[in-house]
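Q: Sharing a structure below in structure tokens format, with a few things to ask.
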């Protein structure tokens, strides 16, 4: 509740206690004790609470060490409060805000819930969704004042999709990532989680829980082909099996980014809903009296406000209503109804072929939607007074007003009253605490520059006495004359027209007659069945009726569906009950079916030497084979709270299987799990110089060498699409001369590493291999920088000794041991033939006709000058180490495969 509005009523008392400069942001009233009030100050000025235990007569100020974003009061304990801070921390107080204790950090916004007595193990328990990492959350439970690791519960051992935890009445809903898809799970009465069973080809983009009343779940699902509409589905008691309730319901975005579904449950009468549905690109309003089994259009009023006849014939014309409920507690919404005024619904809408936002009028029904009357031809906010026995209307306008309208006959006639001498810009209406009072406060301002004004209206003087039996009449609920609704006849008491008496709380209780005999109309289609035009339920094309016994245990019995199921809140008896109700049958003798196996993280990749948690669902004796020689058998594996854990000691791909067995057979499910370790380095190896139009081999070296399944991505020059391989080697043919860039990425799990090198491409070249003393290997650190430095020294020496142009000479020190280098002599840019000045080589020319790599060439005797200079330069490079191992050899045989420095 916004404090800037209500706090005006207590501002004078508050100023005396805390001073005039206190800026308030929110006001909360304990739902269990109206005398307890909590005010939050503006956190930009100060973080503190103002607490009153005497309905605002006095206040105590308490400083806060954190900024409160929202509060959640316990449904029974009036002093227990959860506070959520801006930095995603959750705090708890058991002293109505006087002291606070941290519960947990990293809590997902609006995903924390109090436990419920009778469902949860302890009353002082909290349900939380906490962020674990990007894209992953976890569902945990905590004790009220002790949320240490040892006291945390994990009702679902795996990870869940963020913002998916919903704890509502007997149900807990989560979404689990499995195989790249989001699977919706439900737990009934805090038992094990099971996948929600939607019609087979319902592929939800989004799922919203609408209601869990009457031990039944109503969910709105946006299917894969929908954008601005949702389908409504309804479950049986466990929330597992869902059937279609209504298609193409209008949806819109809420003020806080939430989804608004155009579905309105009428207060005071079970089973009555209104919904806006898209029909051939038109929005039309429908009503149901049996919780979604049957829907029909609303009958338009017979006359308008002036008494003129309205010509409106269905299905081309009907009444259409705006169904949004006001989120502001001080203003009336587009539609209102009240538990203490059954049958009365007030809404704004239009008469015509579809719902529009122009020419909107206010309509009222006194018989739960069977007939409607137009009461205003402009938009008004209508409020209930006197337990719904009277109505108050205030014009909804940006202009200042002076009058209100009051009705004592359910809106048939209205009396005009002046509530202020000067016109007031009305911003909202406040009701006094307690539903039995007859006091209303209108707040607003006389001008845009004036202060807030409060006008308190006391209606007690116009009510003459307490209501007696003679002041009431009976009214029977019906649907176009049919009085048996949801299996019973319901008769209500309501005030006679124009009786001005004060209603007592106990005087609006409905009176129920005997239950009605069951008929086909009391049954909806069961899971897997669809309603035909003639009203019968037949199996959908994808449904195999015998599959309903898959959870059956041999020797037990199960309820075999007839294709129908009675709505949970339907109270019909006998009649056609036996014809449509499920029939109890002995479980067929069959092997286990429906076994499920997946990892808790919903992925098929795990890390070596770390726990992998497997989740298995089926109530049978199950053997889990982990694929590494370990197999364990379990009884009732679904009851294992933390899942089945296993550690793999080696990388690889493991075939993990779960087998359920009974005396009649078995069911087996398999997944292939990739066990990996951290990749530290990838190194690309390829010749520095290659021949144009000749295939060249490129390889990689990984560290560590065995990391599991690796995917390699190869990029050549500026191509945007890579070549993908599972092998760390590939071949490629360069068709153009020049310098080409080759890049490779190695991907293991979530790790991607890259290496890159340049390859020179020529029509022809010569190459020679140099070998070094084995002692040099001890000085080789195996890093690219060292090889580049040694190659630069060798190249410089060769240029000085041979006189070959630096542009014609390339030197590459090859990775690995023993240390070797390769010298490439390439043609001059302006010449087609090689010129080697004073140094001659006897080696085959490498050109397009050569069939092998250039490493087979032989370097011949090099002059003593070259050898001495090479020793000198390399000696300077590694003064006391490398020079000792690079020595001149007097002769090298032509048959040697390498030129050696000994």
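Residue numbers (UniProt numbering): 1 to 902.
Using N, Cα and C, we set each Cβ at its ideal position, and we do this for glycine too.
Predicted, not measured: the structure shown is a model, and the values here were computed from it.
(1) Rounded to whole angstroms, what is the Cα-Cα separation between residue 739 and residue 138?
(2) What is the rounded straight-line gap between the Cα of residue 350 and the Cα of residue 394?
(3) Specify the secondary structure class of residue 787 as computed by DSSP and reduced to three states.
(4) With residue 726 as the anchor, note down where its alpha helix (DSSP H) starts and where it stops.
(5) Nearest by alpha-carbon distance to residue 336: which of 557, 353, 358, 362 is it?
(6) Under the three-state reduction of DSSP, which class applies to residue 206: helix, strand or coil?
(7) Among residues of its own chain, excluding the 5 on either side of residue 950, which ones have a beta-carbon nearer than 6 Å to its beta-carbon?
(8) Taking the alpha-carbon positions, what's the residue 595 to residue 616 distance?
(9) Take residue 744 as the anchor and find which of 758, 735, 737, 750 has the nearest alpha-carbon.
(10) Within 10 angstroms of the Cβ of residue 398, are there 16 or more other Cβ atoms? Answer buried if so, exposed if not.
(11) For residue 578, which of helix, strand or coil comes out of DSSP?
(12) Would you give the residue range spanned by the beta strand (DSSP E) that residue 192 belongs to?
(13) Please state whether the Cβ-Cβ distance between residue 219 and residue 233 is less than 8 Å.
(14) Measure from the alpha carbon of residue 457 to the alpha carbon of each residue in 414, 439, 387, then state which is nearest.
(15) To test your reading of the DSSP string, which unbroken beta strand (DSSP E) runs of 3 or more residues are found completely within the region 61-106?
(16) Measure from the alpha carbon of residue 716 to the alpha carbon of each residue in 704, 728, 708, 733, then state which is nearest.
(17) Just to confirm the assignment, what range does the beta strand (DSSP E) spanning residue 695 have?
(18) Could you check how far apart the C-beta atoms of residue 128 and residue 90 are, in whole angstroms? I think they sit under 8 Å.
(19) Residue 39 lies in the beta strand (DSSP E); which residues open and close that run?
(20) Classify residue 45: buried if its beta carbon has 16 or more other beta carbons within 10 angstroms, exposed otherwise.
(21) Could you spell out the range, first to last residue, of the beta strand (DSSP E) harbouring residue 277?
(22) Leaving out the 5 sequence neighbours to the left and right, which residues in its chain are closer than 6 Å to residue 178 when beta-carbon positions are compared?
(23) Could you give the DSSP three-state label for residue 462: helix, strand or coil?
(24) So, is residue 365 buried or exposed, given that buried needs 16 or more other C-beta atoms within 10 angstroms?
(25) Which residues does DSSP list as the beta-bridge partners of residue 383?
(26) Runs of 3 residues minimum, wholly inside the region 275-328: which ones carry the beta strand (DSSP E) assignment?
(27) State whether the region 678-686 contacts the region 656-668, with contact taken as three or more CB pairs (one from each stretch) at a distance under 8 Å.
(28) Give me the Cα-Cα distance between residue 276 and residue 82, rounded to the nearest whole angstrom.
(29) Among 516, 418, 199, whose alpha-carbon lies nearest the alpha-carbon of residue 571?
(30) Count the other C-beta atoms from every protein chain shown that fall within 10 angstroms of the C-beta of residue 413, then say buried if there are 16 or more, exposed otherwise.
(31) With a Cβ-Cβ cutoff of 8 Å, do residue 961 and residue 296 count as a contact?
(32) What's the gap between the Cα of residue 405 and the Cα of residue 487?
(33) Look at the Cβ atom of residue 821, then the Cβ atom of residue 791, and state whether they are nearer than 8 Å.
(34) Touch check for the region 666-673 and the region 695-703: three-plus C-beta pairs under 8 Å?
(35) Opposite residue 488 in the DSSP bridges: which residues?
(36) Taking a contact to mean a Cβ-Cβ separation below 8 Å, would you say residue 537 touches residue 525 in this structure?
A: Well, looking at it:
(1) For this step, residue 739 is matched to residue 739 along the chain shown. For this step, residue 138 is matched to residue 138 along the chain shown. Those two C-alpha atoms are separated by around 52 Å.
(2) The residue you call residue 350 lines up with position 350 of the chain shown. The residue you call residue 394 lines up with position 394 of the chain shown. Taking the straight line from one Cα to the other gives about 19 Å.
(3) Indexing the chain shown from 1 puts residue 787 at position 787. Note: residue 787 maps to helix in three-state DSSP.
(4) Looking up residue 726 in the chain shown gives position 726. For residue 726, no alpha helix (DSSP H) segment is defined, and its DSSP state is neither H nor E.
(5) By 1-based counting over the chain shown, the position of residue 336 is 336. For the set 557, 353, 358, 362, the Cα lying nearest the Cα of residue 336 is the one of 362.
(6) Taking the first residue of the chain shown as position 1, residue 206 is located at position 206. Strand.
(7) It is not possible to answer for residue 950, since the shown part of the chain is limited to 1 through 902.
(8) For the purposes of this step, residue 595 is identified with residue 595 of the chain shown, where counting begins at 1. For the purposes of this step, residue 616 is identified with residue 616 of the chain shown, where counting begins at 1. In this model, residue 595 and residue 616 are separated by some 7 Å (Cα to Cα).
(9) Along the chain shown, one-based indexing puts residue 744 at 744. Comparing Cα positions, the closest option is 758.
(10) As a working mapping, residue 398 is identified with position 398 in the chain shown. Classification of residue 398: exposed, given that the 10 Å Cβ count is below 16.
(11) Residue numbering aside, residue 578 sits at position 578 when the chain shown is read from its first letter. It is helical.
(12) Within the chain shown, numbered from 1, the residue matching residue 192 stands at position 192. No residue range can be given for residue 192, since it is assigned to no beta strand (DSSP E) and is classified by DSSP as neither H nor E.
(13) Sequence index remark: in the chain shown, residue 219 carries index 219 (1-based). Sequence index remark: in the chain shown, residue 233 carries index 233 (1-based). Cβ distance < 8 Å, so residue 219 and residue 233 count as in contact.
(14) Here residue 457 is taken as the residue at index 457 of the chain shown, counted from 1. It is 439.
(15) You should have 68-73, 81-85, 89-93, 101-105.
(16) By one-based count along the chain shown, residue 716 stands at place 716. If we check each option's Cα against that of residue 716, 733 comes out closest.
(17) Locating residue 695 in the chain shown gives position 695, counting from the first residue. Boundaries of the beta strand (DSSP E) around residue 695: 695-703.
(18) Mapped onto the chain shown, residue 128 falls at position 128. Mapped onto the chain shown, residue 90 falls at position 90. With 8 Å as the limit, residue 128 and residue 90 qualify as a contact, their Cβ atoms being about 7 Å apart.
(19) Taking the chain shown and counting its residues from 1, one reaches residue 39 at position 39. For residue 39, the enclosing beta strand (DSSP E) begins and ends at 37-41.
(20) Counting from 1 along the chain shown, the entry for residue 45 is found at position 45. Exposed.
(21) For the purposes of this step, residue 277 is taken as residue 277 along the chain shown, with counting starting at 1. That run of the beta strand (DSSP E) goes 273-279.
(22) As a working mapping, residue 178 is identified with position 178 in the chain shown. Same-chain partners within the cutoff: 598, 602.
(23) Taking the first residue of the chain shown as position 1, residue 462 is located at position 462. Three-state DSSP puts residue 462 in a helix.
(24) In the chain shown, the residue the question calls residue 365 occupies position 365. Buried, since its Cβ has 16 or more Cβ neighbours within 10 Å.
(25) Counting from one through the chain shown, the residue named residue 383 turns up at place 383. Answer by DSSP bridge pairing, in chain order: 392.
(26) Listed in chain order, the beta strand (DSSP E) elements of length 3 or more contained wholly in the region 275-328 are 282-288, 318-321.
(27) No: fewer than three Cβ pairs fall under 8 Å.
(28) Translated into the one-based positions of the chain shown, residue 276 becomes position 276. Translated into the one-based positions of the chain shown, residue 82 becomes position 82. Approximately 36 Å between the Cα atoms of the pair.
(29) Position 571 of the chain shown holds residue 571. When only C-alpha atoms are compared, the closest one is 516.
(30) Against the chain shown, residue 413 aligns to sequence position 413. Residue 413 sits exposed, since fewer than 16 C-beta atoms from the chains shown fall within 10 Å of its C-beta.
(31) Coverage of the chain is limited to positions 1 through 902, which leaves residue 961 absent and any answer about it impossible.
(32) Counted from its first residue, the chain shown places residue 405 at position 405. Counted from its first residue, the chain shown places residue 487 at position 487. Between residue 405 and residue 487, the alpha-carbon positions lie close to 39 Å from each other.
(33) As a position in the chain shown, residue 821 is number 821, starting the count at 1. As a position in the chain shown, residue 791 is number 791, starting the count at 1. In contact: residue 821 and residue 791 (Cβ atoms closer than 8 Å).
(34) Three or more Cβ pairs closer than 8 Å define a contact, and the region 666-673 falls short of that threshold against the region 695-703.
(35) Against the chain shown, residue 488 aligns to sequence position 488. Beta bridge pairing from DSSP links residue 488 with 485, 515.
(36) The residue given as residue 537 occupies position 537 in the chain shown. The residue given as residue 525 occupies position 525 in the chain shown. Yes, the Cβ-Cβ distance between residue 537 and residue 525 is below 8 Å.
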